Amino acid sequence: MKDKFTHINKKNNPKMVNVGDKKITKRKATAKATMFLGSEIIAHFQGKELITKKGPVFQTAIVAGIQAVKKTSDLIPMCHPLLINGTDIDIQIIDNEHIEIICEVSIEGKTGVEMEALTGANIAALTVYDMCKAISQKMVIKEVKLVKKSGGKSDINNG
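Numbering-wise (this note's numbering), the sequence shown opens with residue 10 and increments by one.
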């Protein structure tokens, strides 16, 4: 059974998987975070942005998410440091209480970018929370999930 775990060596200790023999392929991953802000916070938005004492909420969250994508291997021990080709984060108000954060990451490499996309979406959501907590602390990061993955051994589409 233990030989099925890729991050465990023969002595049952953690290891980082060797991707040296894998082919370089185009890879892309998209993650989505759904967040409850509540109508009290959403009411403060003017158009598609809310400016707080800490600055513009969505713009700051996007920058934080991009930084998180680049730092994923520093945060998650078995993730490989990657040369990211691109990251695109979009945040939309989807109703009078919720927002949706979409983080898309692309690379040409030997390993996927699912963890980078998930990390970017998470940190963007946490940044929104931090910037809006003076208005209300009833916010909830409801769900963070991998929506799509392409490249490598398999493709995933969780729409």
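In this text, a Cβ means the ideal position worked out from N, Cα and C, and glycines have one as well.
Here the structure is a predicted model, which is why all the values come from computation and not from measurement.
Subject >> Which listed residue (Lys37, Val66 and His16) has its alpha carbon closest to that of Met140 >> reply: As a first step, residue 140 is located in the sequence shown; it is residue number 131 there, counting from the start. Considering only alpha carbons, the answer is Val66.
**OP:** Can you grab the Cα-Cα spacing for the pair Ile17 / Ile85, in whole Å?
**Re:** In the sequence shown, counting from the first residue as 1, residue 17 sits at position 8. In the sequence shown, counting from the first residue as 1, residue 85 sits at position 76. Straight-line Cα distance between these residues: approximately 15 angstroms.
Original post:
Apart from the five residues on each side of it in sequence, which residues of its chain come closer than 8 angstroms, Cβ to Cβ, to Glu58?
Top reply: Mapped onto the sequence shown, residue 58 falls at position 49. Only Pro65, Val66, Phe67 and Gln68 meet the Cβ criterion.
**OP:** Would you please state the rounded distance, in angstroms, between the beta carbons of Ala130 and Ala73? I believe it to be under 8 angstroms.
**Re:** The residue you call residue 130 lines up with position 121 of the sequence shown. The residue you call residue 73 lines up with position 64 of the sequence shown. Going by Cβ atoms, the distance from Ala130 to Ala73 rounds to 11 angstroms, so no, they are not a contact pair.
Original post:
Which one of Ser163, Lys151 and Gly168 has the shortest CA to CA distance from Phe45?
Top reply: Numbered from its first residue, the sequence shown carries residue 45 at position 36. Checking every option, the nearest Cα to that of Phe45 belongs to Lys151.
Subject >> Nearest residue (CA-CA) to Glu49, options Thr15, Asp97, Asn105 and Ser159 >> reply: On the sequence shown, position 40 is the one that residue 49 refers to. In terms of CA proximity to Glu49, Asn105 leads the group Thr15, Asp97, Asn105 and Ser159.
**OP:** Under 6 angstroms Cβ to Cβ from Lys19, same chain only, skipping five residues before and after it: list those, please.
**Re:** Walking along the sequence shown from the start, residue 19 turns up at place 10. Cβ within range, chain order: n/a, list empty.
**OP:** Put Ala42 into one of helix, strand or coil per three-state DSSP.
**Re:** As a working mapping, residue 42 is identified with position 33 in the sequence shown. Of the three classes helix, strand and coil, the one that applies to Ala42 here is strand, per DSSP.
Original post:
Taking all protein chains shown into account, do 16 or more other C-beta atoms lie within 10 angstroms of the C-beta of Lys63, making it buried, or fewer, making it exposed?
Top reply: Along the sequence shown, one-based indexing puts residue 63 at 54. Exposed: under 16 other Cβ atoms inside 10 Å.
Subject >> Inter-residue spacing [alpha-carbon to alpha-carbon] between Ile98 and Ile110 >> reply: In the sequence shown, counting from the first residue as 1, residue 98 sits at position 89. In the sequence shown, counting from the first residue as 1, residue 110 sits at position 101. Going by the C-alpha atoms only, they are around 7 angstroms apart.
Original post:
Are the Cβ atoms of Ile33 and Glu123 separated by less than 8 angstroms?
Top reply: Here residue 33 corresponds to residue number 24 of the sequence shown, with the count starting at 1. Here residue 123 corresponds to residue number 114 of the sequence shown, with the count starting at 1. Annotated as distal: Ile33 and Glu123, with beta-carbon spacing of 8 angstroms or more.
Original post:
Taking C-beta to C-beta, are Met87 and Met25 nearer than 8 angstroms?
Top reply: For the purposes of this step, residue 87 is taken as residue 78 along the sequence shown, with counting starting at 1. For the purposes of this step, residue 25 is taken as residue 16 along the sequence shown, with counting starting at 1. Closer than 8 angstroms, so yes.
**OP:** Work out the CA separation of Ala143 and Ser115 for me, nearest whole Å.
**Re:** Reading the sequence shown from its first residue, position 106 is the one you call residue 115. Reading the sequence shown from its first residue, position 134 is the one you call residue 143. Spanning the two alpha carbons is a distance of roughly 35 angstroms.
Subject >> Beta-carbon proximity check, Ile170 vs Ile100, cutoff 8 angstroms >> reply: Residue 170 is absent from the model: the chain starts at 10 and stops at 168.
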